[in-house]
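For the sequence shown, our numbering gives the first residue as 1056, with consecutive numbering after it.
The C-beta atom is built at its ideal place from N, Cα and C for all residues, glycine as well.
Read through the structure below, which is laid out as C-alpha coordinates, and then see the notes.
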Amino acid sequence: PRPHSYHHPEAPPSLGSWKLATIITLLKQGKPQHLPENRRPISLLTSMAKVAEKLILNRLLPVINPLIPHHQHGYRSQISTTQALVRLLDYGARHYGHRNP
(Lines of atoms letter the chains of each structure in order from A and count residues from 1; the text may use other names and numbers.)
(Lines give C-alpha, C1' and ligand atoms only; values in the text may rest on other atoms or scores of the structure.)
Protein backbone atom coordinates (compact mmCIF):
# COMPACT_ATOMS: atom_id res chain seq x y z
CA PRO A 1 0.00 0.00 0.00
CA ARG A 2 1.08 3.49 -0.78
CA PRO A 3 1.38 5.93 2.14
CA HIS A 4 -1.12 8.73 2.07
CA SER A 5 -0.67 12.10 3.66
CA TYR A 6 -3.40 14.59 4.29
CA HIS A 7 -2.94 18.16 5.36
CA HIS A 8 -5.92 20.13 6.58
CA PRO A 9 -5.83 23.67 5.14
CA GLU A 10 -6.17 25.22 8.61
CA ALA A 11 -3.56 23.01 10.25
CA PRO A 12 0.01 24.27 10.72
CA PRO A 13 2.52 23.18 8.09
CA SER A 14 4.33 19.91 8.66
CA LEU A 15 7.66 20.06 10.43
CA GLY A 16 9.30 18.80 7.25
CA SER A 17 8.40 22.02 5.47
CA TRP A 18 10.11 23.98 8.26
CA LYS A 19 13.39 22.35 7.29
CA LEU A 20 13.23 23.81 3.80
CA ALA A 21 15.21 26.95 3.10
CA THR A 22 15.74 29.18 0.13
CA ILE A 23 19.45 29.55 -0.46
CA ILE A 24 20.86 32.68 -2.04
CA THR A 25 24.48 33.62 -2.54
CA LEU A 26 26.09 36.97 -1.89
CA LEU A 27 29.27 38.01 -3.62
CA LYS A 28 32.17 38.71 -1.28
CA GLN A 29 33.31 42.31 -1.58
CA GLY A 30 36.11 42.93 -4.07
CA LYS A 31 36.13 39.35 -5.40
CA PRO A 32 35.50 38.20 -9.00
CA GLN A 33 31.94 36.90 -9.34
CA HIS A 34 32.66 33.98 -11.70
CA LEU A 35 34.33 31.86 -8.97
CA PRO A 36 31.93 29.96 -6.64
CA GLU A 37 34.31 30.27 -3.65
CA ASN A 38 33.83 34.05 -3.81
CA ARG A 39 30.17 33.70 -2.88
CA ARG A 40 28.72 33.40 0.60
CA PRO A 41 25.62 31.16 0.93
CA ILE A 42 22.71 32.52 2.95
CA SER A 43 19.75 30.32 3.98
CA LEU A 44 16.38 32.03 4.18
CA LEU A 45 14.12 30.10 6.57
CA THR A 46 10.36 30.31 6.98
CA SER A 47 9.04 32.48 9.80
CA MET A 48 7.67 29.44 11.61
CA ALA A 49 11.06 27.72 11.46
CA LYS A 50 12.71 30.80 12.97
CA VAL A 51 10.13 30.96 15.78
CA ALA A 52 10.49 27.23 16.53
CA GLU A 53 14.29 27.51 16.51
CA LYS A 54 14.17 30.43 18.95
CA LEU A 55 11.75 28.61 21.28
CA ILE A 56 13.96 25.52 21.36
CA LEU A 57 17.08 27.62 21.90
CA ASN A 58 15.46 29.47 24.81
CA ARG A 59 14.68 26.12 26.47
CA LEU A 60 18.16 24.66 25.85
CA LEU A 61 20.37 27.59 26.87
CA PRO A 62 19.63 27.44 30.62
CA VAL A 63 20.65 23.77 30.56
CA ILE A 64 23.67 24.14 28.27
CA ASN A 65 25.22 27.37 29.61
CA PRO A 66 26.33 25.88 32.97
CA LEU A 67 28.10 23.09 31.06
CA ILE A 68 30.19 25.46 28.92
CA PRO A 69 33.62 26.27 30.40
CA HIS A 70 33.94 29.85 31.70
CA HIS A 71 36.89 30.49 29.37
CA GLN A 72 34.75 29.79 26.27
CA HIS A 73 34.02 33.20 24.76
CA GLY A 74 32.99 32.60 21.15
CA TYR A 75 29.35 32.00 20.20
CA ARG A 76 27.97 32.95 23.61
CA SER A 77 25.52 35.72 24.36
CA GLN A 78 26.90 38.72 26.25
CA ILE A 79 30.45 37.29 26.09
CA SER A 80 32.71 38.40 23.27
CA THR A 81 36.15 37.46 22.04
CA THR A 82 37.16 41.03 22.91
CA GLN A 83 36.51 40.15 26.56
CA ALA A 84 38.84 37.15 26.15
CA LEU A 85 41.57 39.50 24.92
CA VAL A 86 41.00 41.83 27.88
CA ARG A 87 41.28 38.85 30.27
CA LEU A 88 44.53 37.81 28.60
CA LEU A 89 46.00 41.32 28.86
CA ASP A 90 44.89 41.57 32.50
CA TYR A 91 46.48 38.21 33.28
CA GLY A 92 49.70 39.28 31.56
CA ALA A 93 49.81 42.59 33.45
CA ARG A 94 49.24 40.87 36.81
CA HIS A 95 51.90 38.24 36.20
CA TYR A 96 54.49 40.36 34.40
CA GLY A 97 57.87 39.89 36.02
CA HIS A 98 56.79 36.87 38.09
CA ARG A 99 58.87 33.81 37.42
CA ASN A 100 57.97 30.22 38.11
CA PRO A 101 60.87 28.29 39.67
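field: Collapsed DSSP secondary structure at R1095 in the structure displayed
entry: As a working note, residue 1095 is residue 40 in the sequence shown. Strand.
message: For a test of the three-state rule: what should DSSP assign to I1111, helix, strand or coil?
response: As a working note, residue 1111 is residue 56 in the sequence shown. Reduced to three states, the DSSP call for I1111 is helix.
- request: State the beta-bridge partners of T1080 as determined by DSSP.
  value: Position 25 of the sequence shown holds residue 1080. In the DSSP output, where bridge partners are listed per residue, T1080 has P1096.
message: Rounded to the nearest angstrom, what separates L1122 and L1115 at their Cα positions?
response: To locate residue 1122, count along the sequence shown from 1; it is residue 67. To locate residue 1115, count along the sequence shown from 1; it is residue 60. Rounded to whole angstroms, L1122 to L1115 spans 11 angstroms at the Cα level.
message: Quick test of the definition: if touching needs 3 or more C-beta pairs under 8 angstroms, does the segment 1072–1082 touch the segment 1097–1104?
response: yes
- prompt: Hey, quick one: how far does the alpha helix (DSSP H) through R1154 stretch, first residue to last?
  reply: In the sequence shown, residue 1154 corresponds to position 99, counting from 1. Unbroken run through R1154: none, as it is neither H nor E.
message: With the cut-off set at 8 angstroms, would you say I1097 and L1082 are in Cβ contact?
response: Taking the first residue of the sequence shown as position 1, residue 1097 is located at position 42. Taking the first residue of the sequence shown as position 1, residue 1082 is located at position 27. Taking 8 angstroms as the Cβ cut-off, I1097 and L1082 do not qualify as a contacting pair.
- prompt: If you drop the 5 nearest sequence neighbours on each side, which residues of the same chain put their C-beta closer than 7 angstroms to that of Y1061?
  reply: On the sequence shown, position 6 is the one that residue 1061 refers to. Bear in mind that a pLDDT of 48 at Y1061, under 50, signals an unreliable position, so the number given afterwards is only what the model happens to contain. So no residue of the chain qualifies.
- prompt: What separation, rounded to the nearest whole angstrom, lies between the Cα atoms of L1112 and V1118?
  reply: Taking the sequence shown and counting its residues from 1, the one referred to as residue 1112 is at position 57. Taking the sequence shown and counting its residues from 1, the one referred to as residue 1118 is at position 63. Roughly 10 angstroms between the two C-alpha positions.
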